[in-house]
Amino acid sequence: MRHRRPALAVAGLGLCVLLASASQASASQAVATEPANGQAGPSAAAATPLTASNFRYTLSETSSSLVGALDAALPNVTMGAVADDANRTPSCDSAPSVTNRTAYYCWNAGDQDTPDWYPQGITTSSDALGEGTYDGKRINLVSWYDHAEDGIDKGVRISVSNLSASASAPPYRHILLVEPSGTTSAPSYRAVNVHAGGIMWYGNLLYVADTSGGFRVFDLDHLWQVSTGSSSAIGRQSDGSYHAFDYKYVLPQTAKFTDSTAGGYAQLQHSSVSLDRTSSPDSVIVSEYRSAADIDAGAQVRTIRVPIDYTNRYLKTASDGVIKATEAYRTDLESVQGSTAVNGEFFFSQSDGSDHSNPDSDGDLHTFAAPSGAIVRHGNALTVGAEDLSYDPTRDYLWSLGEYPGYRWVYAADASSF
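So this is what it looks like as C-alpha cells:
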C-alpha cells in the first residue's frame, strides 16, 4: 500500500497560478531490453516494454441471490437522485497553483481539513458514458479512505459532486461502499477496507483499486438508501433496520477481479486506475506506487493497459478465455499516485514532498509517448499531495486532486497543453 505521512498543519496558501510548465528533464529515447525475469532493468529515463500477457485477472461475482435479498429489503435509488440530494456545499479559500489549469473546486470546511478521511481517487461521468453525463447530470466521484484513529474502520466513502448544479462549487454528498454479507434470509453488509487509491466509473459499474488484490467492482444499479442516526452501526441491526455509520446511501460490491502474474513477474500493486476512451477497445490503465526506498531495494514501478468490454462493463476476456493486459511498461518513477492515457500518450502524477511552503514540493506530471518515447517531467505542474488522474475527452480535462488537509483542491488541466 502507499506510504502515508501524518496529517500536517495548514500553512498559508499561495494564490499564484503557474502559467507554463517547468523545464522538462531530458531523457534518452532508447528503450532498454526487458530482463528475462522482469526484475532488473534501467533507470526512469525511458520506459521498458514488458510482456503484457503476464499480467492477468480472474473474475468472481457476489451472490446474485444475496444482492437480490438486499434489493428487496432496501429502497433502490439512482445516481441522479443522490446527486440531487446533495447535503454539503464546497467553498475555496484560494485557487490551486496548477499548470494549464482549466477548472477547480474544493470541499466544505470540515472535509477540507479533517484528518479522519483522506481523498484519493477520481473519476467522472465522462468515464461512465461517452456523452459526458449520467442520469442527465455531469458528476464527479472521489474516493476517501478512513484515516481516523477511533477504533472503527469505516472503509471507503465516495463523494458524489453535482457539477451540473455548479461547476465551480458543486454541491455533494458522501456515500459508503459496502460488501454484502449474511444470508438471503438475513442479508447484511460490511465496510470495504481497501485504500481506494484509484477509481474508475464505466457505465453502471465503479471499479475501485484494491492495492494487493486487483479491483473491487460496485454496481450503481443497486444503490440503496439506509437508516441514519448512528455513527457506529453498520449493516443489518437486531431490529431489522440497516445502517452505514450515519451515511444515507450505500453502494454494494457485486464483483471482484483478482490479479495474478506469470513468467516470474512480481505481483502488480494496484495503486491507481483510470479509463482510456481514446483506445480501441476502451481500456483500463493501472499503475503502481513505489517510494524511492522501495526502488532502491529493487522494486519495479510498472503500468499496464487492460481492455474493457463496453457490452457488459467487465474487463475483456482474450480469445483464449484469459483476462490479460495488452500493453505493459516499466517506468521506475517513484511516488506515482495516478496515471491515464490519451491517444497513446501516458500521463503520471507524482507526489513530491509535503513541505507546503516550498513550491518544489508541488506534484509533478510526467508524460510518455508509447512505446518508445522518453519520459518527460513537467515539474511542479500539480498541487502538493497530487493523487489520482482521470481524463475527460469531452472537454480535454485532465482531472486530479490533493490529499493533504487544507490543500484538497479538485482540479483539471488542459491535457493537450502537455
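Each residue of the sequence shown is one higher than the one before, starting from 1 at the first, in my numbering.
Just so it is clear, CB atoms sit at the ideal spot from N, CA and C, and this is done for glycine as well.
Pairwise C-alpha distance: residue j and residue i
| i | j | result |
| --- | --- | --- |
| residue 223 | residue 268 | 30 angstroms |
| residue 262 | residue 318 | 16 angstroms |
| residue 84 | residue 296 | 49 angstroms |
| residue 168 | residue 86 | 15 angstroms |
| residue 127 | residue 339 | 14 angstroms |
| residue 231 | residue 74 | 19 angstroms |
| residue 312 | residue 66 | 20 angstroms |
| residue 257 | residue 56 | 9 angstroms |
| residue 291 | residue 117 | 22 angstroms |
| residue 264 | residue 331 | 18 angstroms |
| residue 378 | residue 364 | 6 angstroms |
| residue 412 | residue 237 | 42 angstroms |
| residue 215 | residue 299 | 22 angstroms |
| residue 48 | residue 329 | 5 angstroms |
| residue 228 | residue 240 | 13 angstroms |
| residue 92 | residue 176 | 25 angstroms |
| residue 401 | residue 353 | 15 angstroms |
| residue 121 | residue 171 | 18 angstroms |
| residue 13 | residue 98 | Confidence in residue 13 is poor, its pLDDT being 32 and thus under 50, which makes the residue's placement unreliable; the coordinate value appears in the next sentence. When rounded, the distance between both Cα atoms is 13 angstroms. |
| residue 393 | residue 61 | 31 angstroms |
| residue 367 | residue 68 | 44 angstroms |
| residue 213 | residue 189 | 20 angstroms |
| residue 415 | residue 321 | 36 angstroms |
| residue 148 | residue 405 | 13 angstroms |
| residue 245 | residue 101 | 36 angstroms |
C-beta neighbour in chain D for residue i, strict 8 angstroms
| i | result |
| --- | --- |
| residue 174 | As a matter of chain content, chain D is missing from the structure shown, which is built from one protein chain. |
Three-way DSSP call (helix, strand, coil) for residue i in this model
| i | result |
| --- | --- |
| residue 110 | helix |
| residue 152 | coil |
| residue 412 | strand |
| residue 135 | coil |
| residue 293 | helix |
| residue 359 | helix |
| residue 424 | Any question about residue 424 goes unanswered here, given that the chain covers just 1 to 418. |
| residue 128 | helix |
| residue 380 | coil |
| residue 312 | coil |
| residue 71 | helix |
| residue 275 | strand |
| residue 232 | coil |
| residue 287 | strand |
| residue 372 | coil |
| residue 52 | helix |
| residue 64 | helix |
| residue 406 | coil |
| residue 417 | helix |
| residue 306 | strand |
| residue 324 | strand |
| residue 318 | coil |
| residue 421 | Residue 421 lies beyond the range of the chain shown here (1 to 418); nothing can be said about it. |
| residue 464 | Nothing can be reported for residue 464: it is not among the residues displayed for the chain, which extend from 1 to 418. |
| residue 261 | strand |
| residue 443 | Past the edges of the chain, shown from 1 to 418, lies residue 443, and the structure says nothing about it. |
| residue 240 | coil |
| residue 347 | strand |
| residue 451 | Not covered by the structure: residue 451. The range shown for the chain is 1 to 418. |
| residue 364 | strand |
| residue 299 | coil |
| residue 395 | coil |
Beta carbon of residue i nearer than 8 angstroms to that of residue j
| i | j | result |
| --- | --- | --- |
| residue 304 | residue 315 | no |
| residue 272 | residue 209 | yes |
| residue 247 | residue 282 | no |
| residue 192 | residue 217 | no |
| residue 135 | residue 200 | no |
| residue 436 | residue 361 | Nothing about residue 436 can be read from this structure; the chain reaches only from 1 to 418. |
| residue 211 | residue 270 | yes |
| residue 251 | residue 220 | yes |
| residue 374 | residue 349 | no |
| residue 391 | residue 398 | yes |
Every unbroken beta strand (DSSP E) inside the segment 179-220 [3 residues or more]: 187-191, 199-202, 205-210, 214-219
With three or more C-beta pairs closer than 8 angstroms as the rule, is the segment 183-202 touching the segment 91-109? no
Those runs of the beta strand (DSSP E) which lie wholly inside the segment 73-119 and span at least 3 residues: 101-105
Does the pairing of the segment 185-201 with the segment 137-146 give three or more beta-carbon distances under 8 angstroms? yes
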